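Novice: Note that the protein sequences, when read in sequence, are chains A and W. Sequential numbering from 37 applies to the first sequence in this note's numbering. Sequential numbering from 37 applies to the second sequence in this note's numbering. Below are the structure tokens for one structure; questions will follow.
There are 2 protein chains.
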Amino acid sequence: MPNPLIAKLEQFTHLSDDDRAALQNLVAEPLRCYRPGTDIVSEGDDPKVVRLVLAGWAYRYKQLPDGRRQVVALFLPGDLCDHTVFVLSEMDHSIGALGAVTLVEIQPATFETLMADHPRVTRALWWEGLVSAAVQREWMLNLGRRSAGERLAHVFCEVFYRLRGIGLTQGTTCDMPLTQTDLADLIGMTPVHVNRVLQMLRRQRLVELKGRRLTIPDLPTLEKAALFNPNYLHLDHVGARFDAVGQHPAAAARYGA
Amino acid sequence: MPNPLIAKLEQFTHLSDDDRAALQNLVAEPLRCYRPGTDIVSEGDDPKVVRLVLAGWAYRYKQLPDGRRQVVALFLPGDLCDHTVFVLSEMDHSIGALGAVTLVEIQPATFETLMADHPRVTRALWWEGLVSAAVQREWMLNLGRRSAGERLAHVFCEVFYRLRGIGLTQGTTCDMPLTQTDLADLIGMTPVHVNRVLQMLRRQRLVELKGRRLTIPDLPTLEKAALFNPNYLHLDHVGARFDAVGQHPAAAARYGA
DNA sequence: CGCATATTTGAATTCTTTCAATCAACGTGG
DNA sequence: CCACGTTGATTGAAAGAATTCAAATATGCG
């Protein structure tokens, strides 16, 4: 089974063959599969392992006692739940499977060994954690200050960028397994309103969404409508500073090599 | 200068005298003071140091091109900006000083040494990072799904809990240097609406707010109104599992020693 | 084909914002 | 000590955005 975490981390830094092998090795830990709509982790659970999504989409969510629900993160292939979760005694949120999800359950010790032996991987994992925190902040800006239309457009931009980073887009299209109800829980609106706003985006030819597939005919225009600035995804190969100069094509370009 | 980070981490785990001394040592790094309303870090900066707030309140915020602003985190004394920020090449948000703020600028190397030599401190710092991520998630739930009244009440509960954890409450009162405009940027509303909602909370005798001081006459009742569940602050001394049994009073209680 | 799930539509209501003014608190200089 | 300017808090009325509730269509799957 290929490990999409490698593709993800290579957006940040150049990895040696040895680094890649070590990451590939994570997939040797126990695999789990989940049916669409089931919970992978429930609020209150004791998190004993670190989870890495290999295939399918999952999402973190929180719920109020009366049932109101907010999706607080999306896990795409290659996404890792916090690599230090196991120090907590209790989860403060749940994780659900959107479609069919395959993930690995990694023992804390495996991670600690990996990080002790591979400093470049350690940096890359730090980067991974910082990016997911940055995504959370961007979502707060989304929820608090963007209009409904901007919000929905922003989600589409982000998902497209993230999927593209791990090679899961096909031209101008990508998967979009979220229902309008899921989208509503993601951007803090009602499903009815998501529907109306989506129709607006469609009328403006900013997106096409049908049969669980998303098409973005003109990404720059959608970005403008969303006030989308990809800086928060930190996809600029900043880790190049930890590379040997010239090792990585993008790093080489950036540093004029 | 006392180091409030020690008090903060001791909410999670028991520290040895040696651990405490090492943390105290952080305060030997260069101190900086900022005037109210000034920026400590600006979006686009290259983060070369890790910052630890010693006194005063600061806040992270993000802004849209047209000026709409969202506060995405509050830094109270003892709060640390991400202890691995320096792997990024560019900040995706800004940090501003609310009142007068004193902080230390810690070199990455200092941190790495501290963590290499003090495994218990390392765990505690991981916990710190996980808690701030959890706070962000709770804020998303706040922005996306709580009503205006619940949102405002929730902010008051959280601030009170966090200040109490580091010994900065006095009975039922604490500082509250945020103006109504600041609160608006925090909970994604307009200042006008904050004002009206605040009046509602006052009428219900849930809070008193005057002269930059907050009084919560009956915390449990405010918590109910806010749908506040403190689990996300992870203040349950979970780290006790990394303590020698019996070392820490709360841990001892939990484990029946 | 038929059920279950997801999307779409309409109308009425509720919540927030907007815009404009007014009021209150506070620190400064005369 | 008070006038004055600045900032923050408060109020009102009207416009705008989003939700609610209910019903009607689509769509996908066994």
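Cβ coordinates follow ideal geometry from the N, Cα and C atoms, glycine included. Every value quoted in this text rests on a predicted model; they were computed, and no experiment measured them.
Short of 7 Å in beta carbon distance, which residues of its chain neighbour L67(A), apart from the five on each side in sequence? Order them along the chain.
Specialist: Indexing the first sequence from 1 puts residue 67(A) at position 31. Cβ within range, chain order: T138 and V140.
Novice: Write down the C-beta distance between H270(W) and A170(W) rounded to the nearest angstrom, noting that I regard them as a contact closer than 8 Å.
Specialist: What you label residue 270(W) is simply residue 234 of the second sequence in a count that begins at 1. What you label residue 170(W) is simply residue 134 of the second sequence in a count that begins at 1. Indeed they touch by this definition, with Cβ atoms about 7 Å apart.
Novice: DSSP has T30(W) in a bridge; who is on the other side?
Specialist: What is shown of chain W runs 37 to 293, which leaves residue 30(W) out entirely.
Novice: Can you pull the chain W neighbours of E126(A), defined as C-beta to C-beta under 9 Å?
Specialist: The sequence position of residue 126(A) within the first sequence is 90, counting from 1. Result: N267, H270, D272 and V274.
Novice: Using a Cβ-Cβ cutoff of 8 Å, what residues of the stretch 114-139 of chain W are near chain A? List them in chain order.
Specialist: Residues D118, T120, V121, V123, L124, S125, E126, D128 and H129.
Novice: If we ignore side chains and look at the alpha-carbon of each, how far apart do Q106(W) and M176(A) end up?
Specialist: In the second sequence, the residue the question calls residue 106(W) occupies position 70. In the first sequence, the residue the question calls residue 176(A) occupies position 140. Distance between the alpha carbons of Q106(W) and M176(A) is about 7 Å.
Novice: Which partner residues of R68(W) appear in the DSSP bridge assignment?
Specialist: The residue given as residue 68(W) occupies position 32 in the second sequence. BP columns for R68(W) point to L139(W).
Novice: Measuring CA to CA, which of M212(W), R104(W) and T158(W) is closest to I42(W)?
Specialist: Your numbering for residue 42(W) matches position 6 in the second sequence. Considering only alpha carbons, the answer is T158(W).
Novice: Work out the CA separation of F192(A) and P253(A) for me, nearest whole Å.
Specialist: Sequence index remark: in the first sequence, residue 253(A) carries index 217 (1-based). Sequence index remark: in the first sequence, residue 192(A) carries index 156 (1-based). Taking the straight line from one Cα to the other gives about 12 Å.
Novice: Taking only runs that begin and end inside the stretch 97-141 of chain A, name each unbroken beta strand (DSSP E) of 3 or more residues, in chain order.
Specialist: Listed in chain order, the complete beta strand (DSSP E) runs (minimum 3 residues) inside the stretch 97-141 of chain A are 105-111 and 130-133.
Novice: Within 10 angstroms of the Cβ of A261(A), are there 16 or more other Cβ atoms? Answer buried if so, exposed if not.
Specialist: Here residue 261(A) corresponds to residue number 225 of the first sequence, with the count starting at 1. Flag for A261(A) reads buried.
Novice: Please determine, among M127(A), L222(A) and A152(A), the residue with the shortest C-alpha to C-alpha distance to L59(A).
Specialist: As a working mapping, residue 59(A) is identified with position 23 in the first sequence. Taking only the C-alpha atoms, the option nearest L59(A) is A152(A).
Novice: From which residue to which residue does the alpha helix (DSSP H) around V77(W) run?
Specialist: Locating residue 77(W) in the second sequence gives position 41, where the first residue counts as 1. Not the alpha helix (DSSP H): V77(W) falls in the beta strand (DSSP E), residues D75 to V77.
Novice: Using a beta-carbon distance below 7 Å, is E108(A) in contact with chain W?
Specialist: Indexing the first sequence from 1 puts residue 108(A) at position 72. Just to set this straight, residue 108(A) is Val in the shown sequence, not Glu. For V108(A), the answer is yes, since a Cβ of chain W falls inside 7 Å of its Cβ.
Novice: Looking at C-alpha atoms only, which residue of F264(A), N265(A) and L234(A) is the closest neighbour of L250(A)?
Specialist: Locating residue 250(A) in the first sequence gives position 214, where the first residue counts as 1. When each option's Cα is compared against that of L250(A), the closest is L234(A).
Novice: Taking Cβ-Cβ distances shorter than 9 Å, what residues in chain W pair up with P101(A)?
Specialist: As a first step, residue 101(A) must be located in the first sequence, where it is residue number 65. Chain W residues near P101(A): L263 and N265.
Novice: Give me the residue from S168(W), R241(W) and R248(W) with the minimum Cα distance to P256(W).
Specialist: Here residue 256(W) refers to the residue found at position 220 when the second sequence is read from its first residue. Residue R241(W) is the option with its Cα nearest to P256(W).
Novice: Which residues of chain W have a Cβ atom closer than 8 Å to the Cβ of K44(A), listed in chain order?
Specialist: In the first sequence, the residue the question calls residue 44(A) occupies position 8. Chain W residues near K44(A): none, gap ~15 Å exceeds 8 Å.
Novice: Return the first residue and the last residue of the beta strand (DSSP E) that E194(A) is part of.
Specialist: Taking the first sequence and counting its residues from 1, one reaches residue 194(A) at position 158. Run containing E194(A): none in the beta strand (DSSP E); it sits in the alpha helix (DSSP H), A184 to G201.
Novice: Using the three-state DSSP reduction, which class does L219(A) fall into: helix, strand or coil?
Specialist: As a working mapping, residue 219(A) is identified with position 183 in the first sequence. Helix, per DSSP.
Novice: Which same chain residues, not among the five before or five after Q172(W), have their C-beta less than 8 Å away from its C-beta?
Specialist: Walking along the second sequence from the start, residue 172(W) turns up at place 136. V108 and A109, listed in sequence order.
Novice: Indicate the three-state DSSP secondary structure (helix, strand or coil) for A152(A) in the structure shown.
Specialist: Position 116 of the first sequence, counted from the start, is the residue given in the question as residue 152(A). Here A152(A) sits in helix by DSSP.
Novice: Give the residues of chain A in contact with G180(W), contact being defined as C-beta atoms less than 7 Å apart.
Specialist: As a first step, residue 180(W) must be located in the second sequence, where it is residue number 144. Simply Q106, L179 and G224.
Novice: Identify which residue in P40(W), P83(W), A160(W) and Y70(W) has its Cα closest to the Cα of G114(W).
Specialist: Start at 1 with the first residue of the second sequence, and residue 114(W) comes out as number 78. Measuring from the Cα of G114(W), the nearest candidate turns out to be P40(W).
Novice: Inspect the beta-carbon positions of V89(W) and F111(W) and report whether they are closer than 7 Å.
Specialist: Against the second sequence, residue 89(W) aligns to sequence position 53. Against the second sequence, residue 111(W) aligns to sequence position 75. Closer than 7 Å, so yes.
Novice: Can you find the residues in the same chain that come closer than 6 Å, C-beta to C-beta, to D75(W), ignoring five residues on each side of it along the sequence?
Specialist: Position 39 of the second sequence holds residue 75(W). Hits under 6 Å: S130 and G132.
Novice: For the alpha helix (DSSP H) that K44(W) lies in, which residues bound it at each end?
Specialist: Start at 1 with the first residue of the second sequence, and residue 44(W) comes out as number 8. Looking at the DSSP string, the run of the alpha helix (DSSP H) that includes K44(W) is P40 to L45.
Novice: With DSSP as the reference, identify every bridge partner of L88(W), one or two as the case may be.
Specialist: In the second sequence, the residue the question calls residue 88(W) occupies position 52. Note: L88(W) sits in a beta bridge opposite L116(W) and V140(W).
Novice: With distances taken from CA atoms, which of D102(A), A64(A), K246(A) and R198(A) is nearest L45(A)?
Specialist: Locating residue 45(A) in the first sequence gives position 9, counting from the first residue. For the residues D102(A), A64(A), K246(A) and R198(A), the minimum Cα distance to L45(A) belongs to R198(A).
Novice: DSSP on L237(W), reduced to helix/strand/coil?
Specialist: On the second sequence, residue 237(W) is found 201 positions in, with the first residue counted as 1. Correct three-state label for L237(W): helix.
Novice: Closer than 7 Å, CB to CB, is L166(W) near chain A or not?
Specialist: As a first step, residue 166(W) is located in the second sequence; it is residue number 130 there, counting from the start. Yes - at least one Cβ of chain A is within 7 Å of the one on L166(W).
Novice: Note the first and the last residue of the continuous alpha helix (DSSP H) segment covering L59(A).
Specialist: For the purposes of this step, residue 59(A) is taken as the residue at position 23 of the first sequence. Counting along the chain, the alpha helix (DSSP H) containing L59(A) begins and ends at D53 to Q60.
Novice: Give a yes or no on whether 7 Å exceeds the smallest Cβ distance from L187(W) to chain A.
Specialist: On the second sequence, position 151 is the one that residue 187(W) refers to. The question names Leu, but residue 187(W) in the sequence shown is Arg. Judged by the 7 Å Cβ criterion, R187(W) is not in contact with chain A.
Novice: Can the beta-carbon of F264(A) be found less than 7 Å from the beta-carbon of H154(A)?
Specialist: Taking the first residue of the first sequence as position 1, residue 264(A) is located at position 228. Taking the first residue of the first sequence as position 1, residue 154(A) is located at position 118. The answer is no: Cβ separation not under 7 Å.
Novice: What do you get for E324(A), buried or exposed, if any count of 16 or more other CB atoms within 10 angstroms of its CB means buried?
Specialist: Residue 324(A) cannot be examined here, being either before or after the span of chain A that is shown, 37 to 293.
Novice: Find the nearest neighbour of D81(W) within the set D128(W), R96(W), P101(W) and G103(W), judged by alpha-carbon distance.
Specialist: As a first step, residue 81(W) is located in the second sequence; it is residue number 45 there, counting from the start. The shortest Cα separation from D81(W) among D128(W), R96(W), P101(W) and G103(W) belongs to D128(W).
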